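Chemist:
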Amino acid sequence: MEGAASVLGLDAPRRRRSLAEFGAEPALRLFEAMARLRAFDERAVILQRQGVIGTYPTYFGEEAVQAASGLALRPEDWLFPTYRQTAVVTLRGCPPEVPLLMWRGHPGGWHDVARYRVAPVCVPIATNYPHAVGAAWGSRLQGDQVVALAYGGDGSTSAGEFHEACNLAAVVQAPVIFLVTNNQWAISTPISKQTRVPRLADKAAAYGMPGVRVDSFDVFSCYAAVKEAAERARRGGGPTLIEAVGYRLGPHGTADEPSLYRDLAEARRWDVMEPIERTQAALVDAGLATREQLLEVRRQVADSLRDVADRLVAAPLPTVEEIAATVHRVTPWTLSPERLREPTWVAGD
Ligand SMILES: Cc1ncc(C[n+]2csc(CCOP(=O)(O)OP(=O)(O)O)c2C)c(N)n1
Ligand SMILES: [Mg+2]
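And the structure:
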């Protein structure tokens, strides 16, 4: 976390001053967004355990960076999520059922891309970066003020698309933000086996764009970094690489068992950085809210997800034909219904 901007990491008097300057109303909005994301994530893990949805990549501990990026941008700005940010679309008003239905493999899981200005989720690592650059470059050519933000992880910075996207974005001065959450793990690969560069933000220099480091557990510094990058982009200042430094507190996903490849004691040392309790304590300490008020916010958002489970169970699982038809406009012969029914197709995958 060394060298990463942090408001929550300041000493108490400076933190209180900084939060007072930030203001109670925007601070509470960020807190509520984090609580909303947490409630979704917790519910999704339960639904996976119940067999209602398929494998699910929890983002426990990454609520701050996600909430901050969602709220720091304007509604007309584009977001390009990965599998780790499937709930950010709910911060733009999409009902939580929609991303949960996606994890159920149901056609109702396709959110309205144009309405929410959130691109479809990209599971292939780093492939969303060039999409975001294209959207941002298009915005610049059309002379509008729209910014695009692409999410990614530490592992994604080793992929070719990351370099290509960063390079092109800087060359054409596309109004794009590369928001890389460095949680120090790419499934079982630690950051030390990913790169020799101690700070991912330093990679920005090679492309000719600013690179900044923020504490990914700190919603206020993430918010400030995204806002500053967006303002620069709107002024014609081109792209920014933001490295949000943290640690993956949970497993990679519901199918993962981290004790097989990492020291649990090391992981547990990071638990104190968990963003919601920490933000709650800081807001109470700064006199911006009472503990009861914040607990009530958390209760309400969790309650709002209660009936969602029943509605999901009622949504039938898709047939193989529906899956193929949803993914491909023209079903390739390799995915013909006959072929999908062949047991060898599954076994040989
Ligand atoms: C092109 C590609 N290769 C491999 C995978 C399998 N895969 C899924 S998640 C992941 C790790 C990504 O790590 P990171 O970029 O740090 O993001 P995080 O999962 O930590 O958010 C890999 C290798 C994939 N989805 N796409
Ligand atoms: Mg990672």
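All residue numbers for the sequence shown refer to our numbering, where the first residue is 26 and numbers rise by one.
We put the CB at the ideal spot given by N, CA and C, even for glycine.
Just so it is clear, the structure is predicted and the values come from calculations on it, not from any experiment.
#1: For Gly48 and Ala314, what's the separation of their Cα atoms in angstroms?
#2: With a threshold of 6 Å on Cβ separation, who are the neighbours of Glu186 within its own chain once the five nearest residues in sequence on each side are excluded?
#3: What is the DSSP secondary structure of Asp240, reduced to helix, strand or coil?
#4: Taking the alpha-carbon positions, what's the Ala194 to Ala175 distance?
#5: Suppose the cutoff is 6 Å on Cβ atoms and the five residues either side in sequence are ignored; what does the same chain contact list for Trp210 look like?
#6: What residue from Thr304, Leu308, Ser284 and Gly134 has the CA that sits closest to Leu342's CA?
#7: Tell me the rounded alpha-carbon separation between Ser217 and Ala229.
#8: Do Ala64 and Leu330 have their C-beta atoms closer together than 8 Å?
#9: Measuring only the C-alpha atoms, how far is Ala199 from Met234?
#10: Does the contact criterion of 3 or more C-beta pairs under 8 Å hold for the segment 125-139 versus the segment 161-172?
#11: Taking 7 Å as the cut-off, is the C-beta of Trp210 nearer than that to any heavy atom in ligand 2?
#12: From Pro100 to Val345, what does the alpha carbon distance come to, in whole angstroms?
#13: Take Gly312 and list the residues in its own chain whose beta-carbon comes closer than 7 Å to its own, dropping the five residues that flank it on each side.
#14: Using only the heavy atoms of ligand 2, determine whether one of them is closer than 7 Å to the beta carbon of Gly28.
#15: If we require 3 or more residues per run, which beta strand (DSSP E) segments fall completely within the segment 59-147?
#16: Near Ala97, which residues of its chain fall below 6 Å by C-beta distance, leaving aside the five closest residues on each side in sequence?
#17: I'd like the span of the beta strand (DSSP E) that includes Val270, first residue to last.
#18: Alpha carbons only, please: which of His188, Leu116 and Thr214 is nearest the one belonging to His277?
#19: I want to check one thing, is the minimum distance from the CB of Asp179 to the heavy atoms of ligand 2 below 7 Å?
Modeler: The answer reads as follows:
#1: 11 Å
#2: Ala151, Thr152, Tyr154 and Pro155
#3: strand
#4: 12 Å
#5: Arg273
#6: Gly134
#7: 19 Å
#8: yes
#9: 11 Å
#10: no
#11: yes
#12: 35 Å
#13: none
#14: no
#15: 103-105
#16: Tyr248, Val251 and Lys252
#17: Thr265 to Val270
#18: Thr214
#19: yes
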